[in-house]
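Trainee: Below is one structure. I have some questions about it.
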Amino acid sequence: MKHLLTGNEAVTRGAYEASIAYAAAYPGTPSTEILENIATNKEIIAEWAPNEKVALESAIGASIAGARSLAAMKMVGVNVAADPLMSFAYTGVNGGMVLISADDPGLHSSQNEQDNRTYAKFAKIPMLEPSDSQECKNMIVAAMDISEKYDTPVFFRMTTRVCHSKSLVEFGERQEITKKPYVRNLQKYDLVPAVSRKLHVILEGKLKQLTAFSNETELNFIQWNDKKIGIITAGAAYQYAQEVFGTTASYLKIGFSFPLPMEKIKAFAQEVEILYVIEELEPFMEEQIKAAGIACIGKEKISNCGELNPEIIGKALLGLEKDLITCDGSAVPNRPPILCAGCPHRGFFYQLSKQKNLMISSDIGCYGLGGAEPLDAKDSCICMGAGASVGHGVQKMFNKFNETKRVVAIMGDSTFFHTGMNSLLHVAYNRSNTVTVILDNRTTGMTGHQENPGSGFTLQGMPTKIIDIPELVKALGIDQIKVVNPLVLPEVKAALDWALALDEPSVIITRWPCVLKKHSVKDKTEFGNYMGTCKVDEEKCIGCRACIKTGCPSLSFNKETKKVKIDAAQCVGCKVCLQVCPVQAINKVGE
Amino acid sequence: MSEIKNILLVGVGGQGTILASKILSTGLVQAGYDVKMSEVHGMAQRGGSVTTQVRYGEKVFSPIIDKGEADILVAFEKMEALRWLEYLKPNGTVIVNDYQISSAPILMGKQDYPEGILETLTSKVSTTIINASEIAKELGNVKAMNIVLFGAMVTAMKLTDISWEAIIADTVKPKFVELNVKAFKAGMIANTK
């Protein structure tokens, strides 16, 4: 029987079949569901790490201990984990180890469009690139064998369409593999210069062996059809190429994409008249193929920007044009994601947007949506944990050059634990009067409610120590700390006024759970049952639209009646709109 | 090779497109088709525009549907039908829920909700208008409008031979089975009138 699975679910099955014993990750779209699914497997210890570097390092530890392990992250997470990655390539493994990089061509939910295949070449480790869910499952099993045979971590590159598309998967048998013994070996695991010099030479030798393997393995296979056009392709692009060319072209499908099988590529190129390289994002294969003296056509026809699809390939290589229904979808009003009705961030951002002369250094998370109209409270967002450190640099320069602008740095609870802590330490140590705000919504919101060190539970559902954010902030060297309820506007305003009057580092922590989060027993005790609905008294409403400026999606303004209406299906009764109404026309039902 | 069929479901985060597509793909696999389905996750819960693409046939390659390739466009919200209309084949069919959800720029009064959407659709393509929220409300729960639309789509795609009721029973929580089966039947009937 075949199973319809996403690539992420299929990876989980592969991990089970290959007897992986340890898996760690930090959540990030499109990789998040890999660990969420693995966590349901009793055979595997699965953990959320505070960040990707820690996730990879603990998977490295599991490998050194002798067990098979896996780390998963979105592509920008690999930047965070790049330090251990580069060095682990030198030591090699004990138990097999695979690093999954989930790239996001088209930026469905990311801050850049980097092509992480470059990392495999950079770190000098083998790379696998599945193109559908069956390959995701099979290649995790293959990755473990390759890792142990060649004594190297394996880079496993997925993309949004591979991670989140469902296709049919046939399961295999589980290989029962027990942990290898741990052996202390300084010449392998102690990367001091004298050891690393030798290991670099050994690594180059491994790459030669891996190149030979790449030329032999069926992970790189040829499908002969018509030989007029030959196509070298990998990942999701393989599916798109077949969609366009069908049996009118021959394919060299690359599943093992570093080191490239250059002998196989040469042989394939000699048999075909025109050679296309079809790959998403950067000319990773194309550049190496051209450097080997093989003529091919690639990025001169197909852009390295954006996500590929069959339409782009058909237009670029075959000049295909289709008849379309004339309807300009881009003229339809946008439907951007917004802070949910009842989102605890709304009250904070509403009040922040009222403050003048600020530079707002934000970070990665739902609170980035505080930058959207009408709240419009954001100046920058660079990467995870950058809010406070970028803010610190800005504030230092404002102060040095006698500018009066003040910096408010924003981060969420999970981002604080990720790398925001380090940034705040910098603020405390080097004493900028940056106001740092930690929006603690008791969960990791944007990626869909994953536990984190502050939430009280592990990934596999065990109750655990709750890391106390105010205590931790204090320990980092911040003396000025206030904890507020972000839904009580006067409280937020008072805290902002207080912090902006200080000439030293300060931290405001807003503490209220995400409205979509399943509340734990502890949450219910602390926050009570506040859910309800607000209602507009149409007699009193003067149509001033002050409440609309909170940006709540449950509010709408009727142009004919000049009154505001609250959609009871969406409203949870957070009372932010109620507080901004100048004529007290909004009431919470039942209060 | 038999022809590949493409179904595009579009709506707004929270409308239940994902449940509908889960039932759909389960049924297609049971019927012996090769199936691929693509969804973009991430910000779906935050009121954004959401799409699910389902392709089935003897052998499916791409998991995504290009512009001009969908055999049917099922719009859970009117404005979304307009946004995705270009993805429909010129001789394809739209099933549109006569239901409006204003997006942020409209709520704030910066833009107006497009007028005459149903007329525009009808003038361009074969269009079936379903008042799924009314039908679901009559059955007792407005949220079942996703399954009403699903029923209408099953009729349009001539997929009535699949045992959908059993799949619905296996997919939704026990207390919602009866409601969803009713919604499914009502949707099928609504599209045969």
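Residue numbers (this note's numbering), protein chains in the order written: chain Z, -10 to 580; chain W, 151 to 343. Glycine included, every Cβ here is placed at the ideal spot set by N, Cα and C. The model shown is predicted, which means the values in this text are computed figures rather than measured ones.
#1: Tell me the rounded alpha-carbon separation between THR539 of chain Z and ASN391 of chain Z.
#2: State yes or no: is the beta carbon of ILE339 of chain W nearer than 8 Å to at least one beta carbon in chain Z?
#3: Identify the residues that DSSP records as bridge partners of HIS(-8) of chain Z: which are they?
#4: Bridge partners of LEU59 of chain Z, per DSSP?
#5: Is the distance from the Cβ of THR324 of chain W to the Cβ of ASN323 of chain Z below 8 Å?
#6: Can you find a C-beta in chain W that's less than 8 Å from the C-beta of CYS570 of chain Z?
#7: In this structure, what does DSSP give as the bridge partners for MET187 of chain W?
#8: Thinking GLY242 of chain W and LEU223 of chain W are a contact (beta carbons under 8 Å), I'd like their distance in whole angstroms, please.
#9: Quick one, are the C-beta atoms of ALA44 of chain Z and ALA13 of chain Z less than 8 Å apart?
#10: Is the beta carbon of VAL82 of chain Z sitting closer than 8 Å to the one on GLU137 of chain Z?
#11: Have a look at HIS97 of chain Z and HIS(-8) of chain Z and give me their C-alpha separation to the nearest angstrom.
#12: Any beta-carbon of chain Z closer than 8 Å to the one on GLY192 of chain W?
#13: What would DSSP say about SER175 of chain W, mapped onto helix, strand or coil?
#14: So does the stretch 28 to 45 of chain Z actually touch the stretch 174 to 189 of chain Z, counting three or more Cβ pairs closer than 8 Å?
#15: Could you have a look at ASP317 of chain Z and say whether DSSP puts it in helix, strand or coil?
#16: Confirm, please, whether the CB-CB distance from ILE283 of chain Z to ILE263 of chain Z is below 8 Å.
#17: At a CB-CB cut-off below 8 Å, which residues of chain W make contact with ASP312 of chain Z?
#18: Considering Cα atoms alone, identify which of Z:TYR79, Z:GLY85, Z:GLU46 and Z:THR80 is closest to LYS67 of chain Z.
#19: Work out the CA separation of VAL416 of chain Z and THR404 of chain Z for me, nearest whole Å.
#20: Could you name each continuous beta strand (DSSP E) segment of 3 residues or more that falls completely within the stretch 525 to 551 of chain Z, going from the start of the chain to the end?
#21: Since ASP368 of chain Z is in the beta strand (DSSP E), which residue starts that stretch and which ends it?
#22: Between ILE214 of chain W and chain Z, is the shortest Cβ-Cβ distance under 8 Å, so that the two count as touching?
#23: On the DSSP bridge assignment, give the partners of GLN123 of chain Z in chain order.
#24: In this structure, what does DSSP give as the bridge partners for ARG146 of chain Z?
#25: On the DSSP bridge assignment, give the partners of MET400 of chain Z in chain order.
#26: SER495 of chain Z lies in the beta strand (DSSP E); which residues open and close that run?
#27: For the stretch 251 to 263 of chain W, which residues have a beta carbon sitting closer than 9 Å to at least one beta carbon of chain Z?
#28: DSSP beta-bridge partners for ARG395 of chain Z?
#29: Measuring only from the beta carbon, is GLU460 of chain Z closer than 7 Å to any heavy atom that is part of the ligand FAD?
#30: Between the stretch 222 to 247 of chain Z and chain W, which residues of the former have a C-beta closer than 9 Å to a C-beta of the latter?
#31: Might you give, ordered along the chain, the residues of its own chain that have their beta carbon closer than 6 Å to the beta carbon of GLY380 of chain Z, omitting 5 neighbours on each side?
#32: Which residues, in order along the stretch 127 to 159 of chain Z, keep a beta-carbon less than 8 Å from a beta-carbon of chain W?
#33: Jot down the residue ranges of each uninterrupted alpha helix (DSSP H) in the stretch 154 to 204 of chain Z, minimum 4 residues, whole runs only, in chain order.
#34: CA-CA distance, VAL246 of chain W and THR167 of chain W?
#35: Does any residue of chain W bring its CB to less than 8 Å from the CB of GLU300 of chain Z?
#36: Excluding the 5 residues preceding and the 5 following LYS42 of chain Z in the sequence, name in chain order all residues of the same chain whose CB lies nearer than 7 Å to its CB.
Mentor: Looking at the atomic coordinates:
#1: Counting from 1 along the first sequence, the entry for residue 539 of chain Z is found at position 550. Counting from 1 along the first sequence, the entry for residue 391 of chain Z is found at position 402. Answer to the nearest angstrom: the Cα atoms are 33 Å apart.
#2: The residue labelled residue 339 of chain W in the question sits at position 189 within the second sequence. With 8 Å as the cut-off, ILE339 of chain W does not count as an interface residue toward chain Z.
#3: Taking the first sequence and counting its residues from 1, the one referred to as residue -8 of chain Z is at position 3. BP columns for HIS(-8) of chain Z point to Z:VAL158.
#4: Taking the first sequence and counting its residues from 1, one reaches residue 59 of chain Z at position 70. LEU59 of chain Z is bridged to Z:ALA12 and Z:VAL87.
#5: The residue labelled residue 324 of chain W in the question sits at position 174 within the second sequence. The residue labelled residue 323 of chain Z in the question sits at position 334 within the first sequence. Position check: residue 324 of chain W holds Pro in this sequence, whereas Thr was assumed. Contact: no.
#6: Residue mapping note: residue 570 of chain Z aligns to position 581 of the first sequence, counting from 1. With 8 Å as the cut-off, CYS570 of chain Z does not count as an interface residue toward chain W.
#7: If you number the second sequence from 1, residue 187 of chain W lands on position 37. For MET187 of chain W, which the question treats as bridged, DSSP gives the partners Z:LYS155 and W:VAL204.
#8: In the second sequence, the residue the question calls residue 242 of chain W occupies position 92. In the second sequence, the residue the question calls residue 223 of chain W occupies position 73. That belief holds up - the Cβ atoms of GLY242 of chain W and LEU223 of chain W are roughly 7 Å apart, short of 8 Å.
#9: In the first sequence, the residue the question calls residue 44 of chain Z occupies position 55. In the first sequence, the residue the question calls residue 13 of chain Z occupies position 24. Judged by beta-carbon spacing, ALA13 of chain Z lies within the 8 Å limit of ALA44 of chain Z, meaning their Cβ atoms are closer than that value.
#10: Mapped onto the first sequence, residue 82 of chain Z falls at position 93. Mapped onto the first sequence, residue 137 of chain Z falls at position 148. Remark: C-beta atoms of VAL82 of chain Z and GLU137 of chain Z approach each other more closely than 8 Å.
#11: Here the question's residue 97 of chain Z lines up with position 108 in the first sequence. Here the question's residue -8 of chain Z lines up with position 3 in the first sequence. Between the alpha carbons of HIS97 of chain Z and HIS(-8) of chain Z lies a distance of about 26 Å.
#12: For the purposes of this step, residue 192 of chain W is identified with residue 42 of the second sequence, where counting begins at 1. The predicted model places GLY192 of chain W with a pLDDT of 49, which falls under 50 and marks its position as unreliable, so this point remains unresolved.
#13: Taking the first residue of the second sequence as position 1, residue 175 of chain W is located at position 25. Here SER175 of chain W sits in helix by DSSP.
#14: For the pair of segments examined, the stretch 28 to 45 of chain Z was found not to touch the stretch 174 to 189 of chain Z: the number of CB pairs separated by less than 8 Å stays below three.
#15: As a working note, residue 317 of chain Z is residue 328 in the first sequence. ASP317 of chain Z falls in the coil class under three-state DSSP.
#16: Taking the first residue of the first sequence as 1, we reach residue 263 of chain Z at position 274. Taking the first residue of the first sequence as 1, we reach residue 283 of chain Z at position 294. In this structure, ILE283 of chain Z does not lie closer than 8 Å to ILE263 of chain Z by Cβ.
#17: Position 323 of the first sequence, counted from the start, is the residue given in the question as residue 312 of chain Z. Those are GLY218 and PRO240, listed as they occur along chain W.
#18: In the first sequence, counting from the first residue as 1, residue 67 of chain Z sits at position 78. Here residue 67 of chain Z turns out to be Val, not Lys, going by the sequence shown. Taking VAL67 of chain Z as reference, the option from Z:TYR79, Z:GLY85, Z:GLU46 and Z:THR80 with the minimal CA-CA separation is Z:GLU46.
#19: Looking up residue 404 of chain Z in the first sequence gives position 415. Looking up residue 416 of chain Z in the first sequence gives position 427. Looking at the two C-alpha atoms, the distance is approximately 16 Å.
#20: The qualifying runs are 544 to 547.
#21: Here residue 368 of chain Z corresponds to residue number 379 of the first sequence, with the count starting at 1. From DSSP, ASP368 of chain Z is part of no beta strand (DSSP E); its letter is neither H nor E.
#22: As a working mapping, residue 214 of chain W is identified with position 64 in the second sequence. At least one C-beta of chain Z is nearer than 8 Å to the C-beta of ILE214 of chain W.
#23: Along the first sequence, read from residue 1 onward, the residue named residue 123 of chain Z stands at position 134. According to DSSP, which records beta bridges pairwise, GLN123 of chain Z is partnered with nothing at all.
#24: As a first step, residue 146 of chain Z is located in the first sequence; it is residue number 157 there, counting from the start. Z:SER90.
#25: Position 411 of the first sequence, counted from the first residue, corresponds to residue 400 of chain Z. Beta bridge pairing from DSSP links MET400 of chain Z with Z:ILE427.
#26: Position 506 of the first sequence, counted from the first residue, corresponds to residue 495 of chain Z. Per DSSP, the continuous beta strand (DSSP E) segment holding SER495 of chain Z begins and ends at 495 to 500.
#27: Cβ proximity to chain Z below 9 Å picks out ILE251, SER252, SER253, ALA254, PRO255, ILE256, LEU257, MET258, GLY259, LYS260, GLN261, ASP262 and TYR263 from the stretch 251 to 263 of chain W.
#28: As a first step, residue 395 of chain Z must be located in the first sequence, where it is residue number 406. In the DSSP output, where bridge partners are listed per residue, ARG395 of chain Z has Z:LEU347.
#29: With respect to the ligand FAD, the structure offers nothing, as it holds no ligand at all.
#30: If the cut-off is 9 Å between Cβ atoms, the stretch 222 to 247 of chain Z has ALA225, TYR227, GLN228, TYR229, ALA230, GLN231, GLU232, VAL233 and GLY235 near chain W.
#31: One-based indexing of the first sequence puts residue 380 of chain Z at position 391. Closer than 6 Å at Cβ, skipping near neighbours: SER350, VAL396, ALA398 and THR423.
#32: Within the stretch 127 to 159 of chain Z, the residues whose Cβ lies closer than 8 Å to some Cβ of chain W are THR149, ARG150, HIS153, SER154, LYS155, SER156 and LEU157, listed in chain order.
#33: Those alpha helix (DSSP H) runs which fall completely within the stretch 154 to 204 of chain Z and span 4+ residues are 175 to 178.
#34: Taking the first residue of the second sequence as 1, we reach residue 246 of chain W at position 96. Taking the first residue of the second sequence as 1, we reach residue 167 of chain W at position 17. Between the alpha carbons of VAL246 of chain W and THR167 of chain W lies a gap of roughly 13 Å.
#35: Along the first sequence, read from residue 1 onward, the residue named residue 300 of chain Z stands at position 311. It does: the Cβ of GLU300 of chain Z has a partner Cβ on chain W nearer than 8 Å.
#36: Counted from its first residue, the first sequence places residue 42 of chain Z at position 53. So the qualifying residues of the chain are VAL69, ALA70, ASP72 and PRO73.
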